[in-house]
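A short worksheet on the structure shown next.
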Amino acid sequence: PPQTPVRAAMNSIAQLRVDLTSSGDQPSANLAVYFKNCTVDPTEEVLQRVESLGQLFSQRFGEAVGPRCVGLGKQRFTLGIRLYYRVMESMLKSEEKRLSVQNFSKLLNDSTFHTSLLACALEVVMATYGGSTLKNGGYSNGGVPVETDLCFPWILDVFQLTAFDFYKVIESFIKAEPSLSKDIVKHLERCEHLIMETIAWRADSPLFELLKRTREEGPVEQAEPPAT
Amino acid sequence: NQDYHFGLEEHEGISELFDCD
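Here the protein sequences come in this chain order: A and B.
In short: position in the first sequence from 1, add 78, done, that's the working numbering.
In short: position in the second sequence from 1, add 1, done, that's the working numbering.
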C-alpha cells in the first residue's frame, strides 16, 4: 500500500512499541546495580521523581489535548519511562567502559540530569506520535491545532527545564540508542539547532551567568580571531 | 544515526557535561 503520513506515523509508533517491549517501566537489574554502587543510593529519589513528573506530565497533557486524553498522556509517559531507563543504562555502560569506574554517584544524584534525560525520552515519544501532524503543518481540517502544541519546546516548560540542560543530553542520547529512526534523529537535531539559535539566548537562560563566570575565571586558552 | 553530526570528543561524555568526573 502507498506510504501516507498517517501510515508512516503508525509504523513508527508500532516500531517504538516493539523496540521498548523488552524494556520495563522500572529500573532493570543492571541499572539497579549502578544505583547500589553509588556512594549515595539514588533509587528512592529516582522513583519519586518519576512519579511526580508523571503526574505533572499527564496533567499538562490533559490541559493541552483535553481532559478525556489524560489516559493517553499516561500511556506516552510510560513509553517515555521505558526509554529513559533503557538509555540511562546504555549511557552508564559506555561511561563505565570509557572511564573505568562504576560509581556514578554524582551524576545519578543530579536531578537536572534525570529530568533532562526523561524530557529527551518523552520528546522522542511525542515526536513519534506527532510525526504525521507535524508534516502537514500541525492542523487538522477544522483548523484546530493538533499535537504541535506538545512538541518541543513544550516539554521544557512542563518540567521547568532550561534548554541549556536539555541540550547536554541530546548527543549522548543518540549515541546510546542506536535504534532511533532517521526521522527522530533529525527531529532531535532540529531541537539542538533551535536551542543553539534561539532558546539558549533568551533573557532567563543560565548561559549568560556561565559565560560571565568563565570570563571572571579568565580564558583557558586564547580564542582564535573570528574568521570572515 | 550516521547522519547526525557528532560533536563530542572521545574523552567527553555525559559525566563531563554534568560536571562529574
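Quick reminder that beta carbons are idealized off the backbone N, C-alpha and C, glycines included.
Around the Cβ of residue i, are there at least 16 other Cβ atoms within 10 angstroms (buried) or fewer (exposed)?
i	result
A:Leu288	exposed
B:Phe7	exposed
A:Leu98	buried
B:Leu9	exposed
A:Arg95	exposed
A:Leu157	buried
A:Asp243	buried
A:Phe286	exposed
B:Glu11	exposed
A:Gly296	exposed
A:Gly144	exposed
A:Ala87	buried
A:Glu129	exposed
A:Ser319	This structure cannot settle anything about residue 319 of chain A, because the visible part of chain A is limited to 79 through 306.
A:Glu270	buried
A:Val111	exposed
A:Ser136	buried
A:Asn219	Here A:Asn219 scores only 40 on pLDDT, less than 50, and its place in the model should not be relied on; the value that follows carries that caveat. That one is exposed.
A:Arg160	buried
B:Ser16	buried
A:Ala281	exposed
Beta-carbon within less than 8 Å of residue i's beta-carbon, same chain only, minus the 5 sequence neighbours each way: which residues are those?
i	result
A:Val124	Pro105, Phe113, Leu186 and His192
A:Glu294	none
A:Val222	Caution applies to A:Val222, whose pLDDT of 43 falls short of 50 and renders its modelled position unreliable; the model cannot decide the point.
A:Ser194	Leu239, Asp243, Phe244, Lys246 and Val247
A:Leu134	Val236 and Phe237
Quick one: residues in its chain with C-beta nearer than 7 Å to the C-beta of residue i, no 5 flanking neighbours on either side, listed in chain order?
i	result
A:Ala254	Val165, Ser168, Met169 and Ser172
B:Phe19	none
A:Ile91	Thr206 and Tyr207
A:Ile262	Val202, Ala205 and Thr206
A:Ser183	Cys116, Thr117 and Val118
A:Gly132	Phe155
A:Glu174	Gln180
A:Leu109	Tyr163, Met166 and Glu167
What residues from chain B crowd round residue i, counting only those whose CB sits closer than 7 Å?
i	result
A:Arg176	Gly14
A:Met169	Ile15
A:Glu267	Tyr5
Along chain B, in chain order, which residues have C-beta atoms closer than 8 Å to that of residue i?
i	result
A:Phe191	Ile15 and Phe19
A:Lys260	Asp4
A:Ser250	Leu9, Gly14, Ile15 and Leu18
A:Leu185	Ile15, Ser16, Phe19 and Cys21
Which same chain residues, not among the five before or five after residue i, have their C-beta less than 6 Å away from its C-beta?
i	result
A:Cys198	Val247 and Phe251
A:Pro120	Phe113, Leu186 and Asn187
A:Val203	Arg154, Leu157 and Gly158
A:Phe139	Gly151
A:Ile233	Ala197, Leu200 and Glu201
Quick one: list the residues of chain B neighbouring residue i, beta-carbon separation under 9 Å, in chain order.
i	result
A:Ser172	Gly14 and Ile15
A:Ala246	Sequence inspection shows Lys at residue 246 of chain A; the Ala mentioned does not correspond to that position. Simply Ile15, Leu18 and Phe19.
A:Leu234	Residues of chain B passing the Cβ test: none, with the nearest at roughly 17 Å.
Three-pair Cβ contact test at 8 Å for the region 146-155 of chain A versus the region 242-257 of chain A: Taking 8 Å as the limit for Cβ pairs, the verdict is that the region 242-257 of chain A does not touch the region 146-155 of chain A.
Stretch pair the region 180-190 of chain A + the region 271-278 of chain A: three plus CB contacts closer than 8 Å: Between the region 180-190 of chain A and the region 271-278 of chain A there are fewer than three C-beta pairs closer than 8 Å, too few to call the two in contact.
At least 3 beta-carbon pairs within less than 8 Å: the region 223-242 of chain A vs the region 161-172 of chain A: Proximity of the region 223-242 of chain A to the region 161-172 of chain A falls short of the contact definition, fewer than three beta-carbon pairs being nearer than 8 Å.
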